[in-house]
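Peer 1: Dumping the structure here so I can ask a few things about it.
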Amino acid sequence: MTVRTRFAPSPTGFLHIGGARTALYCWLESRRRGGQFILRIEDTDRERSTDVAVQAILDGMHWLGLDADEGPFYQTQRLARYKQVADELVAAGKAYYAYESKEEIEAMREAAMQAGEKPRYNGYYRDRNEPFRDDPNRVIRFRNPAEGSVVFEDKVKGRIEIANSELDDLVIFRSDGWPTYNFAVVVDDIDMGVTEVIRGDDHVNNTPRQINIYHALGAPVPEFAHLPMILDQEGKKLSKRTNAVSVMDYREQGFLPHAILNYLVRLGWSHGDQEIFSREEMIALFDIADVNKAASRFDTEKLAWLNQHYLKTDEPQSFVAEFEWHLQRVGVDITKGPAPVEVIAALRERVHTLKEMAERAKIWYGPITAWDDKAVAKHLGNASAPGVLEAARALLAACEWKPAAIHQVIEQLAVQLELGMGKVAQPLRVAMTGTQVSPSIEDTIYLTGREEAIRRIDAAMAMAHA
RNA sequence: GCUCCCUUCGUCUAGUGGCCCAGGACACCGCCCUCUCAAGGCGGGAACACGAGUUCGAGUCUCGUAGGGAGCGCCA
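Listed below in structure tokens is the structure:
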């Protein structure tokens with residue numbers, strides 16, 4: 001039987017980083033084993049599900065390149081099927097109607113807590129054999145086995161056993177006519193032939209209940225793998241308030257999708273000492289059974305390192321489009337400056353993100369907007385600066401406009417004026433950028449363009465004399 | 001409260017009884033290189049939560065303690 005995994009988010013928010021890792025692992029597991037990856041939107045919570053969130057999740061998945069083989073399926077479109085299965089369960093005596101109000105249930109829970117027990121349903125209607133009646137409080141509850149225990153071998157956590165006496169008769173159909181999560185997932189996973197259920201470990205405690213439903217339905221139980229949580233830098237639960245949680249936030253911060261994937265694949269999983277994984281390597285080497293049991297923290301510094309690694313080793317062509325997206329976001333008109341690929345070549349070793357790259361590229365697409373006083377004083381205010389600028393102006397007006405040729409001009413200048421490279425390059429750097437930090441001087445000048453470079457030297461000469 | 005789960009450098013991790021006075025990576029510090037900033041090279045500090053056991057031998061097995069997390073919904 002072929003392996004089928006599924007990613008089943010509920011559309012109540014954006015695709016967050018933990019969900020992205022779950023999706024990645026599902027995707028990798030299906031890819032390595034030659035199976036299928038299914039996307040299913042769990043939108044039975046009519047109160048909180050939104051179309052905006054559905055779109056955000058789809059966009060996030062697409063941006064990461066985690067394309068599904070099947071779906072997206074929507075649970076809201078499968079209502080008739082859930083009803084049918086629930087009715088079968090009731091007919092077979094494996095589920096029953098119950099009529100307590102929410103308030104009554106709440107009171108029941110509190111009473112149980114008082115008595116030092118788990119808060120749960122007391123089973124009032126379990127053996128009452130109450131027939132269907134039209135009642136606003138009517139729900140369908142699953143008749144959970146009273147005896148024995150449920151045991152399963154989790155591919156991440158290992159053997160897990162929970163006594164049925166710990167489980168109560170959960171609601172599988174709400175009074176509003178919609179199925180609950182625990183029921184809908186099982187019906188869907190059976191119908192969709194899911195063989196590997198890979199999800200967050202906040203679902204571990206639901207698994208025994210679901211296994212009981214599989215049994216009641218006479219369906220084969222899939223394999224389970226529960227992934228530990230991803231915590232923030234402080235070891236706290238990731239929260240929208242203090243962390244970037246949406247994968248699209250990471251896009252805005254200038255991270256490459258592949259860097260995020262590489263970071264995520266190593267968070268909780270490893271292959272010896274290897275840190276860098278191409279898409280193909282991930283697929284070939286990843287195994288859900290090798291995932292760690294413990295929660296891990298999200299370390300933006302390491303993500304930044306990976307991002308830079310890909311920035312400086314990937315073919316610039318492969319991410320120019322993404323870079324141009326960032327250039328536009330910082331208000332750059334890319335027709336008014338150098339080709340973005342050339343900017344990438346100059347900056348890729350000096351920044352960690354595309355956002356940073358775009359910020360620093362601004363100086364080549366428009367006038368210098370700010371002068372660093374210290375830089376001006378130090379490098380334009382010294383004795384040799386005017387001579388350097390003047391000589392450079394003359395040579396740059398005539399040389400071939402290529403970084404290598406410009407480099408020669410600078411060197412020639414240093415020899416001619418009997419100055420160190422620093423004395424020659426720094427005044428020019430300040431002239432080109434208004435600051436004392438930039439890529440190599442020849443790249444900086446080259447990207448500025450001849451006309452503009454000369455204009456900036458003129459401006460700098462005025463400042464040097466003043 | 002009850003149930004389930006987790007615990008190796010600051011962080012991500014290697015490690016499946018001897019190869020470990022614990023390896024790699026990020027971060028940090030130092031040196032080198034150098035037109036600035038980076039990148040790169042070299043080097044450094046830094047961990048088996050604790051306590052009992054089992055064993056000739058334990059980071060690795062068992063039990064306990066402590067700490068952390070998740071769940072206990074007509075949310076997913």
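Residues 1 to 466 in UniProt numbering are what the first sequence spells out, letter by letter.
Ideal placement from N, C-alpha and C gives every residue a C-beta, glycine not left out.
Determine the closest residue to residue 39 out of 359, 232, 245 and 193, with distance taken between C-alpha atoms.
Peer 2: In the first sequence, residue 39 corresponds to position 39, counting from 1. That would be 193, whose Cα lies nearest to the Cα of residue 39.
Peer 1: For residue 378 versus residue 436, is the C-beta spacing smaller than 9 Å?
Peer 2: By one-based count along the first sequence, residue 378 stands at place 378. By one-based count along the first sequence, residue 436 stands at place 436. Yes, these two residues count as a Cβ contact at 9 Å.
Peer 1: Do you know how far the Cα of residue 428 is from the Cα of residue 434?
Peer 2: Position 434 of the first sequence, counted from the start, is the residue given in the question as residue 434. Position 428 of the first sequence, counted from the start, is the residue given in the question as residue 428. Roughly 9 Å separates the two Cα atoms.
Peer 1: Classify residue 96 as helix, strand or coil using the three-state DSSP reduction.
Peer 2: For the purposes of this step, residue 96 is identified with residue 96 of the first sequence, where counting begins at 1. Here residue 96 sits in strand by DSSP.
Peer 1: Could you give the uninterrupted runs of the beta strand (DSSP E) lying entirely in the stretch 106-180, keeping only those of 3 residues or more?
Peer 2: Within the stretch 106-180, the complete beta strand (DSSP E) runs of at least 3 residues are 139-142, 149-154, 158-163 and 171-173.
Peer 1: Please say whether residue 60 and residue 20 have beta carbons closer to each other than 9 Å?
Peer 2: In the first sequence, the residue the question calls residue 20 occupies position 20. In the first sequence, the residue the question calls residue 60 occupies position 60. Cβ distance < 9 Å, so residue 20 and residue 60 count as in contact.
Peer 1: If you count every other CB in all the chains shown that lies within 10 Å of the CB of residue 36, and 16 or more means buried, which is it?
Peer 2: The sequence position of residue 36 within the first sequence is 36, counting from 1. Per the 10 Å Cβ criterion, buried.
Peer 1: Using a Cβ distance threshold of 8 Å, determine whether the stretch 360-374 contacts the stretch 326-337, with at least three qualifying pairs required.
Peer 2: Cβ pair count under 8 Å is three or more, so yes.
Peer 1: Can you find the residues in the same chain that come closer than 7 Å, C-beta to C-beta, to residue 448, ignoring five residues on each side of it along the sequence?
Peer 2: Start at 1 with the first residue of the first sequence, and residue 448 comes out as number 448. Once the five neighbours on either side are set aside, the close Cβ partners of residue 448 are 364, 432 and 456.
Peer 1: Quick check on residue 225: does DSSP put it in helix, strand or coil?
Peer 2: Walking along the first sequence from the start, residue 225 turns up at place 225. Residue 225: strand per DSSP, three-state reduction.
Peer 1: Using 10 angstroms around the beta-carbon of residue 50, count the other beta-carbons present and answer buried if the total reaches 16, otherwise exposed.
Peer 2: As a working mapping, residue 50 is identified with position 50 in the first sequence. By the 10 Å Cβ count, residue 50 comes out exposed.
Peer 1: May I ask which residues mark the beginning and end of the alpha helix (DSSP H) holding residue 365?
Peer 2: Residue numbering aside, residue 365 sits at position 365 when the first sequence is read from its first letter. No alpha helix (DSSP H) holds residue 365; DSSP gives it neither H nor E.
Peer 1: Starting from the Cα of residue 108, find the closest Cα among 345, 120 and 237 and give me that residue.
Peer 2: Numbered from 1 along the first sequence, position 108 holds the residue referred to as residue 108. For residue 108, the nearest C-alpha among the options comes from 120.
Peer 1: Take residue 463 as the anchor and find which of 403, 416 and 385 has the nearest alpha-carbon.
Peer 2: Taking the first sequence and counting its residues from 1, the one referred to as residue 463 is at position 463. If we check each option's Cα against that of residue 463, 385 comes out closest.
Peer 1: Confirm, please, whether the CB-CB distance from residue 5 to residue 43 is below 9 Å.
Peer 2: For this step, residue 43 is matched to residue 43 along the first sequence. For this step, residue 5 is matched to residue 5 along the first sequence. No, the pair does not count as a contact, with Cβ atoms beyond the cut-off.
Peer 1: Throw me the rounded Cβ distance for the residue 411 and residue 461 pair, which I believe falls under 8 Å.
Peer 2: Locating residue 411 in the first sequence gives position 411, where the first residue counts as 1. Locating residue 461 in the first sequence gives position 461, where the first residue counts as 1. Contact flag wrong, Cβ pair sits at about 21 Å.
Peer 1: Quick check: what's the CA-CA separation for residue 393 versus residue 328?
Peer 2: To locate residue 393, count along the first sequence from 1; it is residue 393. To locate residue 328, count along the first sequence from 1; it is residue 328. One C-alpha to the other measures close to 32 Å.
Peer 1: What are the boundary residues of the beta strand (DSSP E) that includes residue 72?
Peer 2: Locating residue 72 in the first sequence gives position 72, counting from the first residue. First-last of the beta strand (DSSP E) with residue 72: 70-74.
Peer 1: Beta-carbon within less than 6 Å of residue 311's beta-carbon, same chain only, minus the 5 sequence neighbours each way: which residues are those?
Peer 2: Translated into the one-based positions of the first sequence, residue 311 becomes position 311. Correct list, in chain order: 348.
Peer 1: Can you give the beta carbon distance from residue 94 to residue 143, rounded, assuming they're within the 8 Å contact cut?
Peer 2: Your numbering for residue 94 matches position 94 in the first sequence. Your numbering for residue 143 matches position 143 in the first sequence. With a Cβ gap of about 5 Å, residue 94 and residue 143 count as contacting.
Peer 1: For residue 37, which residues does DSSP report across the bridge?
Peer 2: Numbered from its first residue, the first sequence carries residue 37 at position 37. Its beta-bridge partners are 5.
Peer 1: Since residue 247 and residue 260 are thought to touch, with beta carbons under 8 Å apart, how far apart are those beta carbons, to the nearest angstrom?
Peer 2: Taking the first residue of the first sequence as 1, we reach residue 247 at position 247. Taking the first residue of the first sequence as 1, we reach residue 260 at position 260. Contact holds; Cβ gap of about 7 Å.
Peer 1: So, for residue 267: in the same chain, excluding its five sequence neighbours on each side, which residues have a beta-carbon less than 8 Å away from its beta-carbon?
Peer 2: Start at 1 with the first residue of the first sequence, and residue 267 comes out as number 267. Around residue 267: 21, 230, 296 and 298.
Peer 1: Where are the alpha helix (DSSP H) runs, 4 residues long or more, that stay fully inside the stretch 253-283, in chain order?
Peer 2: DSSP runs (the alpha helix (DSSP H)) wholly in the stretch 253-283: 257-266.
Peer 1: Cβ of residue 317 within 9 Å of Cβ of residue 341?
Peer 2: As a first step, residue 317 is located in the first sequence; it is residue number 317 there, counting from the start. As a first step, residue 341 is located in the first sequence; it is residue number 341 there, counting from the start. Contact: yes.
Peer 1: Indicate whether residue 204 and residue 160 have their beta-carbon atoms separated by less than 9 Å.
Peer 2: Looking up residue 204 in the first sequence gives position 204. Looking up residue 160 in the first sequence gives position 160. Yes.
Peer 1: Can you give me the start and stop residues for the alpha helix (DSSP H) that residue 342 sits inside?
Peer 2: As a first step, residue 342 must be located in the first sequence, where it is residue number 342. Here the alpha helix (DSSP H) through residue 342 covers 340-347.
Peer 1: How would you label residue 17, buried or exposed, when you count the other beta carbons within 10 angstroms and need 16 or more for buried?
Peer 2: For this step, residue 17 is matched to residue 17 along the first sequence. Classification for residue 17: buried.
Peer 1: Could you pull out every residue in the same chain whose Cβ sits closer than 6 Å to the Cβ of residue 320, ignoring the five residues on either side in sequence?
Peer 2: On the first sequence, residue 320 is found 320 positions in, with the first residue counted as 1. Answer for residue 320: 340 and 341, listed in chain order.
Peer 1: Can you give me the Cβ contacts of residue 345 inside the same chain, cut-off strictly under 7 Å, excluding the 5 residues immediately before and after it?
Peer 2: In the first sequence, residue 345 corresponds to position 345, counting from 1. These residues qualify, in order along the chain: 316.
Peer 1: I need the DSSP call for residue 238, collapsed to helix, strand or coil.
Peer 2: Residue mapping note: residue 238 aligns to position 238 of the first sequence, counting from 1. Coil, per DSSP.
Peer 1: Between which two residues does the beta strand (DSSP E) holding residue 200 run?
Peer 2: Reading the first sequence from its first residue, position 200 is the one you call residue 200. Start and end: 196-200.
Peer 1: Here's the rule: buried if 16 or more other CB atoms are within 10 angstroms of the residue's CB, otherwise exposed. What is residue 86?
Peer 2: On the first sequence, position 86 is the one that residue 86 refers to. That one is buried.
Peer 1: Residues in the same chain with beta-carbon distance under 6 Å from residue 262, minus the five sequence neighbours each way, listed in chain order, please.
Peer 2: Start at 1 with the first residue of the first sequence, and residue 262 comes out as number 262. Closer than 6 Å at the Cβ level, and outside the excluded window around residue 262, lie 277 and 306.
Peer 1: Which of helix, strand or coil does DSSP assign to residue 296?
Peer 2: What you label residue 296 is simply residue 296 of the first sequence in a count that begins at 1. In the structure shown, residue 296 sits in a strand (DSSP, three-state: E or B).
Peer 1: Look at the alpha carbon of residue 198 and the alpha carbon of residue 70, and state the distance between them as a whole number of angstroms.
Peer 2: For the purposes of this step, residue 198 is taken as the residue at position 198 of the first sequence. For the purposes of this step, residue 70 is taken as the residue at position 70 of the first sequence. In a straight line, the C-alpha of residue 198 is about 16 Å away from that of residue 70.
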